Ligand code: GLN
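Numbering (this note's numbering), first residue to last: 333 to 646.
Next up, the structure:
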């Protein structure tokens with residue numbers, strides 16, 4: 333094993349950030365959510381966190397961004413804690429779709445009309461409907477509390493601009509949710525469920541938060557400092573399996589081949605990675621490829637995986 337001092341790792345990461353940043357020129361920010369379209373493209377940040385909680389950061393690691401689809405991992409974990417796998421997987425499947433994240437196509441023609449997995453929008457909205465609580469405030473509060481706890485950061489909160497922006501323009505998500513209601517896949521009020529979904533997507537973090545959360549998931553759901561078991565190990569295992577098979581939507585296969593680590597992307601350009609028993613990595617690069625995944629972020633993770641042998645498919 334090569335022991336590298338933190339400052340050497342930092343210098344290495346900084347160099348890779350500089351090498352990967354130019355890829356951002358080939359990508360676009362997520363213009364379909366107006367608040368995200370205003371974000372500069374030339375940003376690339378990274379943080380890594382080992383299972384003892386040691387963090388190394390490079391590039392624009394302080395840049396704050398919304399979780400977007402990365403939040404789907406946390407609502408899945410909470411729904412599993414609330415109901416167990418039988419109820420959750422009665423609501424959503426376990427299969428990759430090969431389709432874009434917001435696709436409605438297979439939802440209509442497959443029988444039963446059940447979202448194929450919890451990492452696509454339809455699946456995440458269906459999972460959101462399962463979160464326990466007496467009203468939408470309580471349900472969202474429980475999601476925010478889990479995110480804060482897993483990130484060891486009590487200050488994580490909603491970006492109101494991003495939330496309102498998506499609430500106003502989220503017509504595709506609205507159509508997915510109304511379709512789910514029509515086929516009896518949502519119990520609650522459709523607009524209430526969507527409100528929770530838009531809010532969870534607008535929770536704002538930095539690379540350090542993602543790296544820490546990734547490390548806790550890599551650690552089987554145990555907090556790094558206190559050892560408190562926040563989420564059951566088997567649910568963290570399931571989350572990592574979904575991250576590998578569905579975390580990059582119709583780009584998941586290529587990411588598994590080229591990088592090979594459990595990771596979940598969001599259209600803000602964030603990527604949460606969780607390498608079992610080793611570390612968490614948080615990356616942000618707002619310029620996206622045509623599948624909605626961070627271009628320079630993917631390049632950076634590929635470099636890190638190659639040089640540090642991070643792939644789980646050794
Ligand atoms: N809030 C976004 C949406 O529903 C999340 C999608 C994503 O990050 N891929 O469209």
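Think of the CB as a built atom: it goes at the ideal place given N, C-alpha and C, for glycine as much as any other residue.
Keep in mind that this is a model prediction, so the values were computed, not measured.
Under 6 Å: does the beta carbon of residue 400 sit that close to some heavy atom of ligand 1? Within the chain shown, the letter at position 68 stands for residue 400. Under cutoff, so the answer is yes.
Please work out which residues of its chain come closer than 6 Å, Cβ to Cβ, to residue 565, disregarding the five sequence neighbours upstream and downstream, and give them in chain order. Within the chain shown, numbered from 1, the residue matching residue 565 stands at position 233. Cβ neighbours of residue 565 beyond the five flanking positions: 552, 553.
Straight-line gap, residue 614 to residue 483 (C-alpha atoms, nearest Å): Counting from 1 along the chain shown, the entry for residue 614 is found at position 282. Counting from 1 along the chain shown, the entry for residue 483 is found at position 151. If I take the Cα positions, the gap works out to 11 Å.
Where does residue 521 land, buried or exposed, given buried means 16+ other C-beta within 10 angstroms? Here residue 521 refers to the residue found at position 189 of the chain shown. Counting Cβ neighbours within 10 Å, residue 521 comes out exposed, since fewer than 16 surround it.
Give the DSSP-derived three-state secondary structure of residue 537 in the structure shown. Translated into the one-based positions of the chain shown, residue 537 becomes position 205. Residue 537 falls in the strand class under three-state DSSP.
Does residue 389 come out as helix, strand or coil in the three-state DSSP assignment? To locate residue 389, count along the chain shown from 1; it is residue 57. Strand.
Using three-state DSSP, classify residue 575 as helix, strand or coil. Within the chain shown, residue 575 is the residue found at index 243, counting from 1. Note: residue 575 maps to helix in three-state DSSP.
Is residue 480 near residue 468, with beta carbons less than 7 Å apart? Numbered from its first residue, the chain shown carries residue 480 at position 148. Numbered from its first residue, the chain shown carries residue 468 at position 136. Not closer than 7 Å, so no.
Taking the alpha-carbon of residue 543 as reference, which of 420, 348, 633 has the nearest alpha-carbon? Along the chain shown, read from residue 1 onward, the residue named residue 543 stands at position 211. Here the closest residue by C-alpha is 633.
Under 8 Å, with one C-beta from each stretch per pair, do the segment 382-389 and the segment 510-518 reach the 3-pair mark? no
Terminal residues of the beta strand (DSSP E) in which residue 607 lies: As a position in the chain shown, residue 607 is number 275, starting the count at 1. Per DSSP, the continuous beta strand (DSSP E) segment holding residue 607 begins and ends at 602-607.
Which residues bound the alpha helix (DSSP H) around residue 588? Taking the chain shown and counting its residues from 1, one reaches residue 588 at position 256. Looking at the DSSP string, the run of the alpha helix (DSSP H) that includes residue 588 is 584-590.
Where the alpha helix (DSSP H) containing residue 629 begins and where it ends: Here residue 629 corresponds to residue number 297 of the chain shown, with the count starting at 1. Per DSSP, residue 629 belongs to the alpha helix (DSSP H) from 627-640.
If I'm right that residue 375 touches residue 392 with Cβ under 8 Å, what's the distance once you round it to whole angstroms? Against the chain shown, residue 375 aligns to sequence position 43. Against the chain shown, residue 392 aligns to sequence position 60. About 5 Å separates the Cβ atoms of residue 375 and residue 392, confirming a contact at the 8 Å cut-off.
Given a cut-off of 7 Å, decide if residue 509 and residue 526 are closer than it, judged by their beta-carbon atoms. For the purposes of this step, residue 526 is taken as the residue at position 194 of the chain shown. For the purposes of this step, residue 509 is taken as the residue at position 177 of the chain shown. In this structure, residue 509 lies closer than 7 Å to residue 526 by Cβ.
Where the beta strand (DSSP E) containing residue 382 begins and where it ends: Looking up residue 382 in the chain shown gives position 50. Taken as a continuous stretch (DSSP letters only), the beta strand (DSSP E) holding residue 382 covers 377-382.
Given a cut-off of 7 Å on the beta-carbon distance, is the pair residue 603 and residue 595 in contact? Position 271 of the chain shown, counted from the first residue, corresponds to residue 603. Position 263 of the chain shown, counted from the first residue, corresponds to residue 595. Cβ atoms of residue 603 and residue 595: closer than 7 Å.
In the DSSP assignment, the alpha helix (DSSP H) including residue 483 goes from what residue to what residue? On the chain shown, position 151 is the one that residue 483 refers to. Residues 468-483.
Top-ranked residue by Cα proximity to residue 714, from 400, 380, 645: No answer is possible for residue 714: the residues shown for the chain start at 333 and end at 646.
Is residue 479 near ligand 1, in the sense that its beta carbon is under 6 Å from a heavy atom of that ligand? Here residue 479 is taken as the residue at index 147 of the chain shown, counted from 1. Because no heavy atom of ligand 1 lies under 6 Å away, the Cβ of residue 479 does not count as near it: no.
Whole-number beta carbon distance between residue 529 and residue 456, since they are thought to touch under 8 Å: Along the chain shown, read from residue 1 onward, the residue named residue 456 stands at position 124. Along the chain shown, read from residue 1 onward, the residue named residue 529 stands at position 197. Indeed they touch by this definition, with Cβ atoms about 7 Å apart.
Mind pulling the alpha helix (DSSP H) runs of 4 or more residues that sit fully within the segment 434-461? 437-441, 453-460
CA nearest to the CA of residue 631, picked from 546, 339, 350: The residue given as residue 631 occupies position 299 in the chain shown. The candidate whose alpha carbon is nearest that of residue 631 is 350.
Helix, strand or coil at residue 333 according to DSSP, with G and I counted as helix: Taking the chain shown and counting its residues from 1, the one referred to as residue 333 is at position 1. At residue 333, the pLDDT of 40 sits below 50, so the modelled position is not reliable; the number obtained from the coordinates is stated separately. Residue state, collapsed to three classes: coil.
With a CB to CB cut of under 7 Å and the five nearest residues on each side skipped, what residues in its chain are close to residue 572? To locate residue 572, count along the chain shown from 1; it is residue 240. So the list reads 549, 594, 606, 608, once near-sequence residues are dropped.
Rounded straight-line distance, which links the Cα of residue 343 to that of residue 438: Position 106 of the chain shown, counted from the start, is the residue given in the question as residue 438. Position 11 of the chain shown, counted from the start, is the residue given in the question as residue 343. Spanning the two alpha carbons is a distance of roughly 46 Å.
Identify the continuous beta strand (DSSP E) that holds residue 404 and give its terminal residues. Translated into positions along the chain shown, residue 404 becomes position 72. It is not in any beta strand (DSSP E) - residue 404 instead sits in the alpha helix (DSSP H) that spans 403-415.
Unbroken alpha helix (DSSP H) run spanning residue 341, endpoints: Taking the chain shown and counting its residues from 1, one reaches residue 341 at position 9. Element bounds for residue 341: 338-352.
Between 589, 475, 414, 628, which lies nearest to residue 403 when the distance is taken from Cα to Cα? Taking the chain shown and counting its residues from 1, the one referred to as residue 403 is at position 71. When only C-alpha atoms are compared, the closest one is 475.
Skipping 5 residues on each side, what residues in its chain have a beta carbon closer than 6 Å to that of residue 580? Counted from its first residue, the chain shown places residue 580 at position 248. Here the set comprises 587, 597, 625.
Taking its Cβ as the centre, do 16 or more other Cβ atoms sit within 10 Å of residue 390, making it buried, or is it exposed? In the chain shown, residue 390 corresponds to position 58, counting from 1. Residue 390 is buried by the Cβ-count criterion.
The alpha helix (DSSP H) enclosing residue 509, as first and last residue numbers: Indexing the chain shown from 1 puts residue 509 at position 177. Element bounds for residue 509: 503-514.
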